[in-house]
Structure formats: C-alpha cells, structure tokens
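Enquirer:
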Amino acid sequence: MKFMFFFYPAIPATLDEREKLRPIAARTENFQEMLSEIIELSQMAEDLGFTAVTFPEHHLHTEGGEMGSLPVLTQHVLANTKTLLAGPIGYVLPGWNPLRLALETAWMDQISKGRTIAGFARGYQARWLNPMAQHLHGVAATNTYEKTDSDVVNREAFQEVFEILKLAWGEKPFRYKGKYYEYPYPYETGTPWPADKWTRKYGSPGEIDDNGNIQMIDVVPKPYQKPHPLLFQAFSQSEATIRWAAREGIIPTLITSDLVDLKNYAQCMVDEAGKHGRILALGEELGVFRGVYMAENREQARALAMRGLMGTGWPGWAHDFGFTEAFRMPEDDVKYPNQPLPVSEATMERFEKKHFCLVGDTNDVRKEMDLLVEAANPEWFIWQSDQGYLPLDEVKRQMERFAREVMPHYRETHEKEKLASAG
C-alpha cells in the first residue's frame, strides 16, 4: 500500500477568526502561514515514508479553505522536497486550455525529474469554474442525479481536454478537431507560419505543409515520465467512472466508503481492465480517501475530529454540494424519502459507520485498515488531512503516530503480497 497525504489547502484559523478577519484569504500574513504549514507537513510526510502529497483544484475561496491548487503549489512542494511525488487530484479539465495544461505538466515533470502526478476532475463549483470556462457558457457539473445542460457540456469538455492531453504527451505530432477545440487553428487551413523554411528543416516532420502553414501540433517538452506522469481521477463515485478509468489506465480515487460498494468497485476495475488487456490484482491502481483521527481512546479521537475538518469544515460544505449522499444508509430512504440528507446527519457516528473515518486508538484504526484491505486492498491510501483546521502540532502528532504504528504493517503486507505473486 502507498500512502498519500491530501491537503485541502486551508488558511489556519478558527471559524470565529474566519468571520472576524473576512475575507481571510486576502490577508498576506495568513496566506503565508498556510504555505509554511503545507511545506512543513510535506517535508514531514516525505520523512515518514508517504509516497505523495496532493491537493484539489479550487479557486476564489474567500473563506480561506480549499485554496489550491494551481501548478505553482505543486512546484513549491517539489522545490522543497527531494523524493516526494506531488500534484493535484485533480485539475478541473473543463476549466483548462488543454495545451497549456499539457505544457505546464510536462515542464514540472522535467524540472522535478519525474516527481509529478496529475489528477483530473470534472468540476462542480460554479463560483470559479463558470468564469474560468465562460467560453463553454456554464459548465459546472452537478452532484445530483438530474442531468442538466451544464452537466452534459461538462462531460463533453472533460473528455475532449483529456483526449488532447494524451495526444499532446504522445511522441508524434497530431491533428484534432472536436466540439470545443481544434488543432491546428484554424483546422481546415492551418496556421500561417512565416518561418516555414526553418521549421520544415528543423522542426517535427509533417508539422508544416508546402504552403507554409502549420498543419500538425507537436507539444514540447514531453513529460520526463513515459508516456506521462501517474494519472488519477478525483472523487470517483460511480461504476461508469471506475470502468472508464480502468480502460484509460487512470487510478480512480474513491470517496465511496461502504465496504460492500468498495469491493464491487474494485472488482469492476479488475474486470474492465481485463477486457482491454490489462491484468490487475484486486485493488491495484485503486485509491481510497479516508479521514484518520488517533488518540488514546475513541472518545478522545471523536472529539479531535469534531475540532477539525469533520466538525468545523466539512459537514456543511459537504452537505451543500451533495457529498453527504455518499454516506447514505438504507434506513435513510425511509426517513428521508426522495430528498437529500439534512446537514444534521453529517455526523461522526455516520462517518464511522460508513468506514470513512478511522477513529480511535491504534487497534481501532488497524481494525478499520484490515477491513479496508479485506474489501478492496487498495494500492493507494489517501489521507484527508486537517491542515488549517487543527493546530499544526496536532496534525503532526497524528501523522507521526499513524506512520509509526499503522503504516509499516500495511506497507510490509503489500510488499509480501507482491513478492508472493511474483514468485
């Protein structure tokens, strides 16, 4: 098992401080405190044996939570660590120019000599995504089961940008004409290029035609990792997404925590990959999100969680965007028929019952880890951290204890299983 530390990059503050200093995200001193915490925790994660750190991509959060990630945050982490992988889970593809994202990722991968990862997401936050992707005329996806016009556009744009990224990272020049992007531009005639003789002699073969027009695009540099960095899909919650990831060689990261559902998704991953000639063991190329709260007993750990992200940051936010539906139980269909769960149901008791939060002493957390391994044996364990919501020293204590008392057992177990299967 590989361990990844997931930041919701947050300006360190209590709810009272966020209200008093609003908008706290505009205050340089507070923003610098967040950057310092991210680097200190990233360096600590590297020393403790984590494989990677990661972030979501969100913007315009004046409240001071989920502040990242543009490529500059990945660059900052990479520049201040030595072996750690870093990158977002994930870039919201409908909000990106595909050539710019292909270039920035390749540059980071070259500069870091292969320490980047790239995650992808569809995007659901209209506050920033709609302005950034305004050429798509409203693209933020919904977290409801209703299919809206914006949801359709979001899916189309996501797929198109993804296809262009793969072509851009490939070894050959390419042409592409989609609904939203075309290369070269204009596609039918090509792009006039006065330095045609120079490019015809020294550029990529086929890049330019006899009339001096660019007819094919060749993105350079190529990534240091071949054919590209490790790719992840953010917050996967459906079988269709799992199967798509399996076909494309992408690592889905599941917010789904119900162990039966998780096992079914893991098996879907294996089955779909096999249909396309990729033989995977159960849990290989699969990631899961979890919260971790360790103390001397379960009561103390619960109290810790409620002081952190799960108590002060996530419940209302998760509810407002529909994420609490991932923690729905059978009895909820009777209690709340045909309606979403109320915010009052975003409780630690629910998160524990659904196995999303690992809460208690070392034995409690190990029992939950054992259940996770038994259900799906995921290759990647992604810790949803409390940076910015709990005091820095408390976050560090949690990391140290988990790394000392939990991680070694599951890393060693994974290595033994790999050796056994190879032998």
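Okay, so the sequence shown: first residue is 107 according to the working numbering, each after it adds one.
Quick reminder that beta carbons are idealized off the backbone N, C-alpha and C, glycines included.
All of these numbers come straight from a predicted model, not from anything done at the bench.
1) Can you give me the Cβ contacts of residue 365 inside the same chain, cut-off strictly under 7 Å, excluding the 5 residues immediately before and after it?
2) Is residue 317 helix, strand or coil by DSSP?
3) Apply the 10 Å Cβ neighbour rule to residue 339 and answer buried if 16 or more other Cβ atoms are within range, or exposed otherwise.
4) Since residue 319 and residue 297 should fall inside the 8 Å C-beta cutoff, what is the C-beta to C-beta distance between them, to a whole number of angstroms?
5) Got a sec, what are the start and stop residues for the alpha helix (DSSP H) residue 359 sits in?
6) How many Å lie between residue 238 and residue 201 at the Cα?
7) On the three-pair Cβ rule with 8 Å, is the region 494 to 507 touching the region 427 to 447?
8) Quick check: the region 212 to 230 against the region 174 to 190, are there 3 or more CB pairs under 8 Å?
9) Measuring only the C-alpha atoms, how far is residue 180 from residue 437?
10) Pull up the distance between the alpha-carbon of residue 206 and that of residue 457, whole angstroms please.
11) Hey, out of 123, 167 and 192, whose CA is closest to residue 178's CA?
12) Helix, strand or coil for residue 471, going by three-state DSSP, please let me know.
13) Quick check on DSSP: helix, strand or coil for residue 485?
14) Does the contact criterion of 3 or more C-beta pairs under 8 Å hold for the region 375 to 387 versus the region 337 to 353?
15) Decide yes or no for the touch test of the region 317 to 337 against the region 441 to 448: beta carbon pairs closer than 8 Å, at least 3 of them.
16) Considering just the uninterrupted stretch of the beta strand (DSSP E) at residue 344, what are its terminal residues?
17) Would you report the Cα separation of residue 513 and residue 118, rounded to the nearest angstrom?
18) So for residue 326, helix, strand or coil by DSSP?
19) Alpha carbon to alpha carbon, what distance is there between residue 504 and residue 312?
20) Put residue 337 into one of helix, strand or coil per three-state DSSP.
21) DSSP three-state label for residue 181, please.
22) With DSSP collapsed to three states, give me the class of residue 118.
23) The ligand SAM heavy atoms versus the CB of residue 461: any closer than 7 Å?
24) Among 388, 382 and 394, whose alpha-carbon lies nearest the alpha-carbon of residue 359?
25) Just how far apart, CA to CA, sit residue 400 and residue 470?
26) Residue 223 bridges to which residues according to DSSP?
27) How is the beta strand (DSSP E) around residue 137 delimited, first residue to last?
28) Residue 396 lies in the alpha helix (DSSP H); which residues open and close that run?
29) Judging by CA-CA distance, which residue of 306, 388 and 265 is the nearest neighbour of residue 373?
30) Which residues share a DSSP beta bridge with residue 198?
31) Please state whether DSSP places residue 278 in a helix, a strand or coil.
32) For residue 315, which residues of its own chain have a beta-carbon under 8 Å away from its beta-carbon, when the five flanking residues on both sides are left out?
33) Check residue 388 in the structure and name its three-state DSSP category.
34) Could you pull the DSSP bridge partners for residue 563 from this structure?
35) Note down the Cα distance separating residue 409 from residue 451, rounded to an integer number of angstroms.
36) Please confirm if the region 145 to 162 is in contact with the region 109 to 129, defined as three or more CB-CB distances below 8 Å between the two stretches.
Expert: A quick look at the data gives this:
1) These residues qualify, in order along the chain: 461, 477 and 481.
2) Secondary structure at residue 317: coil, using DSSP grouped into helix, strand and coil.
3) By the 10 Å Cβ count, residue 339 comes out buried.
4) Contact between residue 319 and residue 297 holds, with the beta-carbon distance rounding to 6 Å and staying under 8 Å.
5) Counting along the chain, residue 359 falls outside any alpha helix (DSSP H), though it belongs to the beta strand (DSSP E) covering 357 to 360.
6) Taking the straight line joining both Cα atoms gives about 6 Å.
7) Segments in contact, no.
8) The region 212 to 230, when compared against the region 174 to 190, does touch it at the 8 Å Cβ threshold.
9) C-alpha separation (whole angstroms): 42 Å.
10) So the alpha carbons of these two residues sit roughly 39 Å apart.
11) Nearest neighbour of residue 178 by Cα position, chosen from 123, 167 and 192, turns out to be 192.
12) Reduced to three states, the DSSP call for residue 471 is helix.
13) In the structure shown, residue 485 sits in coil (DSSP, three-state: anything other than H, G, I, E or B).
14) Counting Cβ pairs under 8 Å, three or more are found: they touch.
15) Contact fails between the region 317 to 337 and the region 441 to 448, because fewer than three Cβ pairs, one in each stretch, are under 8 Å apart.
16) Run containing residue 344: none; DSSP gives neither H nor E here.
17) About 27 Å.
18) It is coil, neither helix nor strand.
19) Rounded to whole angstroms, the gap between the alpha carbons of residue 312 and residue 504 is 56 Å.
20) Residue 337 falls in the strand class under three-state DSSP.
21) Looking at residue 181 - three-state DSSP - the assignment turns out to be helix.
22) It is coil, neither helix nor strand.
23) You won't find the ligand SAM in this model; it holds no ligand whatsoever.
24) Taking only the C-alpha atoms, the option nearest residue 359 is 394.
25) Residue 400 and residue 470: Cα-Cα distance of roughly 9 Å.
26) 336, per the DSSP bridge assignment.
27) Counted as a single uninterrupted DSSP element, the stretch harbouring residue 137 is not any beta strand (DSSP E) but the alpha helix (DSSP H) occupying residues 134 to 154.
28) For residue 396, there is no enclosing alpha helix (DSSP H); the residue is part of the beta strand (DSSP E) that begins and ends at 393 to 400.
29) It is 388 whose Cα lies nearest to the Cα of residue 373.
30) Per DSSP, 227.
31) The three-state secondary structure of residue 278, taken from DSSP, is coil.
32) Only 296 and 321 meet the Cβ criterion.
33) In the structure shown, residue 388 sits in coil (DSSP, three-state: anything other than H, G, I, E or B).
34) No statement about residue 563 is possible, as the shown extent of the chain runs from 107 to 529 and does not include it.
35) Rounded to whole angstroms, residue 409 to residue 451 spans 17 Å at the Cα level.
36) Touching, yes, given that three or more Cβ pairs across the two stretches are closer than 8 Å.
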